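Enquirer: Protein chains in written order, with this note's numbering: chain V, 40 to 352; chain G, 40 to 352. The beta-carbon is built from N, C-alpha and C at its ideal position, and this holds for glycine as well. Keep in mind the model is a prediction, meaning the values are calculated, not measured. Before we start, here is the structure in question, set down as C-alpha cells.
Number of protein chains: 2
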Amino acid sequence: MALPSSLPHHRVTAPAHETTDLNAPEFILPFALGVWRAGQLAAIEQALSRWVADPAATPAPAGLGDAMRYAVLDGGKRLRPLLVMAACEAAGGDARAALRPACAVELIHAYSLVHDDLPCMDNDVLRRGKPTAHVKFGEAQALLAGDALQALAFELLTPEDGSVDAPTQARLCRLLAQAAGFQGMAGGQAIDLASVGLPLTSGELHEMHRLKTGALLQASVLMGAACGAAVGLAFQVVDDILDVTADAATLGKTAGKDAAQEKPTFVSLMGLTASRNYAQHLLAQALASLQTSELGNIEPLQALANMLVNRQQ
Amino acid sequence: MALPSSLPHHRVTAPAHETTDLNAPEFILPFALGVWRAGQLAAIEQALSRWVADPAATPAPAGLGDAMRYAVLDGGKRLRPLLVMAACEAAGGDARAALRPACAVELIHAYSLVHDDLPCMDNDVLRRGKPTAHVKFGEAQALLAGDALQALAFELLTPEDGSVDAPTQARLCRLLAQAAGFQGMAGGQAIDLASVGLPLTSGELHEMHRLKTGALLQASVLMGAACGAAVGLAFQVVDDILDVTADAATLGKTAGKDAAQEKPTFVSLMGLTASRNYAQHLLAQALASLQTSELGNIEPLQALANMLVNRQQ
C-alpha cells in the first residue's frame, strides 16, 4: 500500500548502500505513538489544569475546587482524551478544536471514578496509590465534586467565545450526554451493580461492558470526529470500529478484582486463552475497517486501538 | 395603566346596571395563575413521563429507570419548569419549544434532591411522605439514578430531530451547565456543607442561597427567555429580577430543619419580621423591574414571583 503524500515524516531515508524502493513497506517506520502521545498529553494536562476550577481564574467555593482538581489532575492515562485527539486527526480536524471535548470526556470519566469509589459502591480507599477522593475530602464533598465535574464537562463543550460553532457544540453535548447517561455509562454501572454474584450470559456481559466502558470510549472517537471535516464518512466507520474495540479493551481489565467481587468477566466465562483470541479477532476486525476507510491520518487511532487491546494491566 | 390589546381574556363584562369604563383597573381580574399553572403542569408531567426512561420507549437497564422515574415523577411542585414556561411566554416564545428546557431543569433539581438525601449528605428518609430514593432502591442505585438524571437533562436539550435550532441548544446547555456546576448549585451546596455549626455573615449566607437555590431558578428564567424572540432585552431584565427574587424565595424555606442542623438562616441572623420585610422589599423591586420592561405577557412571571416569596411552607 502506498503511503499518502501527506505523511512524509513517517518515511525514512534508506541506508546509503541500499537501492530498494523507499516506499516499500519494510522501509516505513511504525508510527511513533510515544512521541505523538507525549505532545498530546502535554496539551491535555495543561488544558485540564486551566479549566478545572483553577484557583487563580475560576475558583470553586468551600474546598469544592480542591476536591475536583484532586479527582482530575491525578496522573491518569488520559486514554479517552487521546482517542478524541486521534479521531480528530483522522477526520482532518484541528487539534485545538478537539481539546475541549477531550477534556470534557475525561471529566465524565473522572467523576464516574469518584462516585464508583464511594463506600456505597466499590468502597475503594486507594486509586493510583493515593487516597480516593472521599477518603481525602469526605464522602459528601466527593459526591459534590463528582456532580460538579459532570456539569463542568457540558460547560467546557459550550464556550461563549465563538471558538466552536453552535452545531458542533450541540452535537458534542448530545454525544456526551447519551454516552454518560442511562443508555450508556450509568446504565452499564447499574447492570454491574445488579450482577454481583449472579451468573450473566456472554451476551449480558457484552452488553454491560458495551455500556459501562464502551459507550464513553465510543463517544470519545465520535466527538473527535465531530471536530473534523470528514465527519460524514468517519461517523459510521468509527462507530463500527469502536463498538468492537471498546468491547475488546475491557476483556482483560480488572479481572482479578471482578473475580474477587464475584462479578462475571469474559475470562471467567470463556477462559483466558479464548478471551485473548476473541480480543485479537475484534482488534483485527477494527483495524481492517479503519484501513479501508477514507479517513485522514489514521495512525494515532490505529496505534491507540492496538494499545487498548494489548495493554498489560 | 391600559392593558395591552393582546390580553382581552383578562377583562370581564361589567354587570348590566353599570356604565363605567370597562378598561378601568377595578374591572380587570387578577391573572388566574391557577388556570395557567394547571395547563402548564399537565404538559410538563406528560413530557417528564415520556422523556424519563419510559419503559415502553427508552427503558433503562437493571432497575435504573425505576429509580430515575421514582425520583422525578413524585408530585413535585414543578416550580422551575413553570418559571421556564412563564419566561418563555414573557419573551414571546412558543410554549412547545420551552418544554425541553422546562423538563431539563427539573431533572437537575430532582437529581440534586436524590443526592442531598443520601446518608453522607442530609440523611433524609422521607420526601413528600414517601421513602427517599436510597431508602427505596439502595444507596448505590440512588447515586446512579442522580448521575443519570443529570446526563439526561443535557440529552433533552439536544434533540436530533431539528425541533430546536443548534444555537438555542448550545445556549441552553451552557446556561444549565453553569447553573448546576461549581459556580452554581454544586458550589452553593459545598458552602452549605462547610457551614454547619459555623457563624456565617449575612453576605456569606446570601452567597450560599444565591448559588444553591438561586442559580437554578435564575437559569430557569434565562432558559425560558432563550426560547423566545425577545431574548435580547429579556435577558438583562430577567437576570436582575431573578437574582433578587430567587434570594427572597429561600428566605423562609426549611428554616426549621436548618435550625435543627445548626445551619445559619436569614431568620436566625435577622429575626423573622426583618426577614419577611426584606423579602417583600426584594419582591417589590423585582415586580417594578418587570413592570418597566418591554416584555410580552409578564403575568405568569409576576404571579410566580409573588408565589415564590409568599408561599407558606
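Chain G beta carbons: is any one of them nearer than 9 Å to that of Asp186(V)?
Expert: Translated into positions along the first sequence, residue 186(V) becomes position 147. By this cut-off, Asp186(V) is an interface position.
Enquirer: Where does the unbroken alpha helix (DSSP H) through Lys175(G) begin, and where does it stop?
Expert: Along the second sequence, one-based indexing puts residue 175(G) at 136. Taken as a continuous stretch (DSSP letters only), the alpha helix (DSSP H) holding Lys175(G) covers Ala172 to Phe176.
Enquirer: Which runs of the alpha helix (DSSP H) at least 4 residues long sit entirely within the segment 86-133 of chain G? Give them in chain order.
Expert: You should have 103-111 and 118-129.
Enquirer: Please report the residue range of the alpha helix (DSSP H) in which Gly227(V) lies.
Expert: Mapped onto the first sequence, residue 227(V) falls at position 188. Where Gly227(V) is concerned, the enclosing alpha helix (DSSP H) stretches over Met224 to Ser234.
Enquirer: Quick one: Cα of Gly226(G) to Cα of Gly220(G), how far?
Expert: Sequence index remark: in the second sequence, residue 226(G) carries index 187 (1-based). Sequence index remark: in the second sequence, residue 220(G) carries index 181 (1-based). In a straight line, the C-alpha of Gly226(G) is about 7 Å away from that of Gly220(G).
Enquirer: Run through DSSP, which three-state label would Leu165(G) get?
Expert: If you number the second sequence from 1, residue 165(G) lands on position 126. If DSSP states are grouped into helix, strand and coil, Leu165(G) belongs with the strands.
Enquirer: Which chain G residues are close to Leu191(V), counting only those with a beta carbon under 8 Å from its beta carbon?
Expert: On the first sequence, position 152 is the one that residue 191(V) refers to. Under the 8 Å cutoff, chain G gives Ala216, Gly220 and Phe221.
Enquirer: Closest to Arg119(V) by C-alpha separation, out of Asn316(V), Gly263(V), Pro238(V) and Gln228(V), would be which residue?
Expert: On the first sequence, position 80 is the one that residue 119(V) refers to. Minimum Cα distance to Arg119(V) is reached at Gly263(V).
Enquirer: Taking 9 Å as the threshold (beta carbon to beta carbon), is Leu329(V) in contact with chain G?
Expert: Taking the first residue of the first sequence as position 1, residue 329(V) is located at position 290. By this cut-off, Leu329(V) is not an interface position.
Enquirer: What is the rounded straight-line gap between the Cα of Gly102(V) and the Cα of Gln319(V)?
Expert: To locate residue 102(V), count along the first sequence from 1; it is residue 63. To locate residue 319(V), count along the first sequence from 1; it is residue 280. Distance between the alpha carbons of Gly102(V) and Gln319(V): 46 Å.
Enquirer: Since I believe Pro339(G) is in contact with Glu199(G) (beta carbons under 8 Å), could you give me their beta-carbon distance rounded to a whole number of angstroms?
Expert: Residue mapping note: residue 199(G) aligns to position 160 of the second sequence, counting from 1. Residue mapping note: residue 339(G) aligns to position 300 of the second sequence, counting from 1. Their Cβ separation, rounded to whole angstroms, is 30 Å, which puts Glu199(G) and Pro339(G) out of contact at 8 Å.
Enquirer: Using a cut-off of 7 Å between C-beta atoms, extract the partners of Ala96(V) located in chain G.
Expert: As a working note, residue 96(V) is residue 57 in the first sequence. Result: empty, since nearest Cβ-Cβ is about 11 Å, beyond 7 Å.
Enquirer: Just how far apart, CA to CA, sit Gly335(V) and Leu182(G)?
Expert: As a first step, residue 335(V) is located in the first sequence; it is residue number 296 there, counting from the start. As a first step, residue 182(G) is located in the second sequence; it is residue number 143 there, counting from the start. Roughly 41 Å separates the two Cα atoms.
Enquirer: Spell out whether any CB of chain G is found under 9 Å from the CB atom of Glu194(V).
Expert: In the first sequence, the residue the question calls residue 194(V) occupies position 155. For Glu194(V), the answer is yes, since a Cβ of chain G falls inside 9 Å of its Cβ.
Enquirer: Just to confirm, is the Cβ distance from Lys251(G) to Gln217(G) under 9 Å?
Expert: On the second sequence, residue 251(G) is found 212 positions in, with the first residue counted as 1. On the second sequence, residue 217(G) is found 178 positions in, with the first residue counted as 1. Cβ atoms of Lys251(G) and Gln217(G): not closer than 9 Å.
Enquirer: Quick one: does Phe274(G) have its CB under 9 Å from some CB of chain V?
Expert: Within the second sequence, the letter at position 235 stands for residue 274(G). Low local confidence applies: a pLDDT of 48 at Phe274(G) is under 50, so the model's placement there is unreliable, with the coordinate-based value given in what follows. Answer no: the Cβ-Cβ gap between Phe274(G) and chain V never drops below 9 Å.
Enquirer: Which residues, in order along the segment 96-115 of chain V, keep a beta-carbon less than 8 Å from a beta-carbon of chain G?
Expert: Those residues of the segment 96-115 of chain V that come within reach of chain G (Cβ to Cβ, closer than 8 Å) are Thr97, Ala99, Pro100, Ala101, Gly102, Leu103, Gly104 and Met107.
Enquirer: Using 9 Å as the threshold, is the C-beta distance between Leu196(V) and Val153(V) below it?
Expert: As a working note, residue 196(V) is residue 157 in the first sequence. As a working note, residue 153(V) is residue 114 in the first sequence. Going by C-beta atoms, Leu196(V) is not nearer than 9 Å to Val153(V).
Enquirer: Pro197(V) versus chain G: which residues are under 7 Å apart at the beta carbon?
Expert: In the first sequence, residue 197(V) corresponds to position 158, counting from 1. What sits at residue 197(V) in the sequence shown is Thr, not Pro. Here the neighbours are Ala209, Cys212, Arg213 and Ala216.
Enquirer: Please report how far the alpha carbon of Gly310(V) lies from the alpha carbon of Asp155(G), in whole angstroms.
Expert: Taking the first residue of the first sequence as position 1, residue 310(V) is located at position 271. Taking the first residue of the second sequence as position 1, residue 155(G) is located at position 116. Those two C-alpha atoms are separated by around 43 Å.
Enquirer: Look at the alpha carbon of Leu239(V) and the alpha carbon of His245(V), and state the distance between them as a whole number of angstroms.
Expert: Within the first sequence, the letter at position 200 stands for residue 239(V). Within the first sequence, the letter at position 206 stands for residue 245(V). Going from the Cα of Leu239(V) to the Cα of His245(V) covers about 9 Å.
Enquirer: For Thr171(G), does the count of other Cβ atoms within 10 angstroms reach 16, so buried, or fall short, so exposed?
Expert: The residue labelled residue 171(G) in the question sits at position 132 within the second sequence. So Thr171(G) ends up on the buried side.
Enquirer: DSSP three-state call for Arg323(G): helix, strand or coil?
Expert: Counted from its first residue, the second sequence places residue 323(G) at position 284. The sequence as given places Ala at residue 323(G); Arg does not occur at that position. Reduced to three states, the DSSP call for Ala323(G) is helix.
Enquirer: By Cβ distance, which residues of its chain are closer than 6 Å to Ala192(V), with the 5 residues on each side in sequence left out?
Expert: Along the first sequence, one-based indexing puts residue 192(V) at 153. Ala143, Leu146 and Ile147.
Enquirer: In or out: Ala63(G) buried (at least 16 other Cβ within 10 Å) or exposed?
Expert: Position 24 of the second sequence holds residue 63(G). Residue placement at Ala63(G) is poorly supported in this model, since its pLDDT is 49, which falls under 50; the coordinates still yield a value, given next. Label assigned to Ala63(G): exposed.
Enquirer: Check each candidate in Leu122(V), Ala179(V) and Leu72(V) and name the one with the smallest Cα separation from Ile83(V).
Expert: The residue you call residue 83(V) lines up with position 44 of the first sequence. Selected option, being the one with the closest Cα: Leu122(V).
Enquirer: Specify, as a first and last residue, the run of the alpha helix (DSSP H) that Ala265(G) falls within.
Expert: On the second sequence, residue 265(G) is found 226 positions in, with the first residue counted as 1. It spans Ala254 to Ala265 - the alpha helix (DSSP H) in which Ala265(G) sits, taken as one unbroken run.
Enquirer: If we cut at 9 Å on Cβ distances, does Ser234(G) have a partner in chain V?
Expert: Counted from its first residue, the second sequence places residue 234(G) at position 195. So, interface residue.
Enquirer: Within the 9 Å Cβ cut-off, does Leu239(G) reach chain V?
Expert: Sequence index remark: in the second sequence, residue 239(G) carries index 200 (1-based). Taking Cβ atoms only, chain V never reaches closer than 9 Å to Leu239(G), which makes this a no.
Enquirer: Could you tell me which chain G residues have their CB closer than 7 Å to the CB of Asn206(V), listed as they occur along the chain?
Expert: In the first sequence, the residue the question calls residue 206(V) occupies position 167. The sequence shown places Pro at residue 206(V), rather than the Asn named in the question. Chain G residues near Pro206(V): Ala205.
Enquirer: What would DSSP say about Met346(V), mapped onto helix, strand or coil?
Expert: In the first sequence, counting from the first residue as 1, residue 346(V) sits at position 307. Helix.
Enquirer: Please go through the same chain and pick out, in chain order, the residues whose beta-carbon is closer than 8 Å to the beta-carbon of Val270(V), but skip the five residues on each side of it.
Expert: Residue mapping note: residue 270(V) aligns to position 231 of the first sequence, counting from 1. Any reading at Val270(V) must be qualified, since the residue scores a pLDDT of 47, below 50, and its modelled position is unreliable; the value itself is stated next. The answer, listed in chain order, is Ala130 and Ala264.
Enquirer: How is Ser200(G) classed by DSSP in three states: helix, strand or coil?
Expert: Against the second sequence, residue 200(G) aligns to sequence position 161. A quick correction: the sequence has Asp, not Ser, at residue 200(G). Of the three classes helix, strand and coil, the one that applies to Asp200(G) here is coil, per DSSP.
Enquirer: Listed in chain order, which residues of the segment 161-182 of chain V have Cβ atoms closer than 7 Å to some Cβ of chain G?
Expert: Those residues of the segment 161-182 of chain V that come within reach of chain G (Cβ to Cβ, closer than 7 Å) are Glu178, Ala179, Gln180 and Leu182.
Enquirer: How many angstroms separate the CA atom of Val203(G) from the CA atom of Leu165(V)?
Expert: Position 164 of the second sequence, counted from the first residue, corresponds to residue 203(G). Position 126 of the first sequence, counted from the first residue, corresponds to residue 165(V). Between Val203(G) and Leu165(V), the C-alpha separation is close to 44 Å.
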